[in-house]
Amino acid sequence: MASSAKVYSEGGRGWLIVFSACLTQFILYGNLKATGVLLTNQTLEFETKLYAIGLINSLYYSMQSSLSPAPVALSYKVGVRIVVVVGGLMIGMGFLVVSQTFSIYIFGLAMICLTGLGSACVKETTFAEMALYFHEKYALASFVAKLGAPFGMMLYGPLTQLLMDAVGWRGTCMLLGVFSLNIMGCGLLLRRSKSLSRPENQALTVTVSSNGYESLDETREEPRCCSDVIKQMGLDVFRNGRFIFLTLIKYFSGFGYSGFVIYMVPNALALGLEPHEASFTTTAWGLGNLFGLCVTAFAIQKKAISEFAVLGISSAVAIICFALDPHISLFIGQIGVTLIVGAAMESVFLVPVIMTRYLATDDRTVCFFYSWQNFITGLSYPFSGLVSGLMFDNTGSFKSTFLLFSATMTMTAICNVVYHIYTSRSKKKELQS
-13 MASSAKVYSE GGRGWLIVFS ACLTQFILYG NLKATGVLLT NQTLEFETKL YAIGLINSLY
47 YSMQSSLSPA PVALSYKVGV RIVVVVGGLM IGMGFLVVSQ TFSIYIFGLA MICLTGLGSA
107 CVKETTFAEM ALYFHEKYAL ASFVAKLGAP FGMMLYGPLT QLLMDAVGWR GTCMLLGVFS
167 LNIMGCGLLL RRSKSLSRPE NQALTVTVSS NGYESLDETR EEPRCCSDVI KQMGLDVFRN
227 GRFIFLTLIK YFSGFGYSGF VIYMVPNALA LGLEPHEASF TTTAWGLGNL FGLCVTAFAI
287 QKKAISEFAV LGISSAVAII CFALDPHISL FIGQIGVTLI VGAAMESVFL VPVIMTRYLA
347 TDDRTVCFFY SWQNFITGLS YPFSGLVSGL MFDNTGSFKS TFLLFSATMT MTAICNVVYH
407 IYTSRSKKKE LQS
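Each residue of the sequence shown is one higher than the one before, starting from -13 at the first, in our numbering.
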């Protein structure tokens, strides 16, 4: 099979790809956290409801996940480098337009169509490139690349508040746009080997790899007229049962994750914290992400605990903390619970990323697994942003909203159990046959 013959560098130029993915994650997740800090001021500026700006921000977040299959397919046609460079330019231009507009409609279009679409061009195309260079060390490479996200969360929150106090939210958006242009430099570091381009008359098919996991491989010829769409978009990933369950885990956890990230600061303000105190909840979230990332990556790399156990423990912690969060009004309490939730949610997100990578025996299909998984996950983001904002506007607090987050994490835990049962039965059938 493709994977058995492939010799991975396990380093070398691969670390440049990891650096690009890390800086990209730093900027993308930092921007996401900045939008949460800017949310209240933008609501006042445009004289609208909280849920309206929250919906725009969640759609922006959704776009970078839901549209990722299209840029991934496009990268095979025009090259990954140009897709990422154009994406970085769109992100920067989107924030610059937002900083100048006085219309909420133009604000929404810029955030969703420019910044969101640009993020979609960048997010999975950079991250999936690592699979071309790492196999045994993929968990380590993922850990290093994903370090950018918690550090972005930690730094962008307080920094955004400081900039907003100094130059206003419009000046802050302008600076966010300028810094986001660094993603173009990340794109220039990417280079996909010509040997990885797929023959035009070959389609992706599902096989079973030697390790017992259902995988994608390129093992049969299909008529071009029937397979062009499937081949170019990687739709064969939906034939993989494990992929479906891992995607459901990310879908339900994504609902709580996106809602919490968007409304974390408004929740702290609603509980009576000062603006500068509320901004530090983002730092606590980032520190929690970093802790969860380190512990989870180490545990999985050393095989100290199973992925099933990691997901189960993390989901249980998130369920409890989401339910408690809106009842804790002290600053130190908010910092503590946010840190714990951040660690739990990072573990819940990291485990499916690592497990999904090993569903593919052909490295060229990894990006399709990730992009379609993020497409499904991204569908939960606008729903989370809209429902969470509406519940706050109707009740005046986030108590019911955070109970909803807790419920979606309960669904995550249930999907984890079902996935474990499904995998165990599949392996038994394979051994019997």
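All residues carry an ideal CB built from backbone N, CA and C; glycine is no exception.
For M116, which residues in the same chain have their Cβ closer than 8 Å to its Cβ, ignoring the five residues on either side in sequence? G0, I3, V4, A7, Y124, A127, S128, A131
Expressed to the nearest angstrom, what Euclidean distance is found between the alpha-carbon atoms of T21 and L41? In this structure, the alpha-carbon of T21 lies about 12 Å from that of L41.
Would V379 be called buried (16 or more neighbouring beta carbons within 10 Å of its own) or exposed? Residue identity check: residue 379 is Asp in the sequence provided, not Val. So D379 counts as exposed.
G328 versus I92 - alpha carbon distance: 33 Å
What is the C-beta distance between S166 and K109, in whole angstroms, given that I count them as a contact (C-beta under 8 Å)? About 13 Å separates the two Cβ atoms, so there is no contact after all.
Can the beta-carbon of M341 be found closer than 8 Å to that of E293? yes
Taking C-alpha atoms, which residue in Y367, E260, G319, A56 lies nearest to W358? A56
For S196, which residues of its own chain have a beta-carbon under 6 Å away from its beta-carbon, when the five flanking residues on both sides are left out? Residue placement at S196 is flagged as unreliable, the pLDDT there being 39, under the threshold of 50; a coordinate-derived value is accordingly withheld.
If you check the beta carbons only, do T363 and S51 fall under 8 Å apart? yes
Length of the line joining the Cα atoms of L18 and F317: 23 Å
Pull up the distance between the alpha-carbon of F376 and that of G154, whole angstroms please. With the sequence shown as reference, residue 376 is identified as Leu, and Phe is not the correct amino acid for it. Whole-angstrom Cα-Cα distance: 27 Å.
Kindly confirm or deny that the stretch 303 to 316 and the stretch 381 to 395 touch, where touching means at least three C-beta pairs closer than 8 Å. yes
Between T233 and V334, is the Cβ-Cβ spacing less than 8 Å? No, the Cβ-Cβ distance between T233 and V334 is not below 8 Å.
Ignoring anything shorter than 4 residues, give me the alpha helix (DSSP H) runs that lie fully in the stretch 34 to 58, in order along the chain. 36 to 52
Could you tell me whether the stretch 135 to 144 touches the stretch 66 to 79, using the rule of 3 or more Cβ pairs below 8 Å? no
Taking 8 Å as the CB-CB limit, is I39 close to chain B? Of the protein chains in this structure there is only one, and it is not chain B.
Between G272, R228, F224, which lies nearest to F246 when the distance is taken from Cα to Cα? G272
Classify K132 as helix, strand or coil using the three-state DSSP reduction. Shown here, K132 sits in a helix according to DSSP, grouped into three states.
Where I77 falls: helix, strand or coil (DSSP): helix
Short of 6 Å in beta carbon distance, which residues of its chain neighbour G274, apart from the five on each side in sequence? Order them along the chain. If we look at G274 and ignore the five residues flanking it on each side, its Cβ neighbours are L325, G328, A329.
Can you say whether E122 is buried or exposed, counting buried as having 16 or more other CB atoms within 10 angstroms of its CB? exposed
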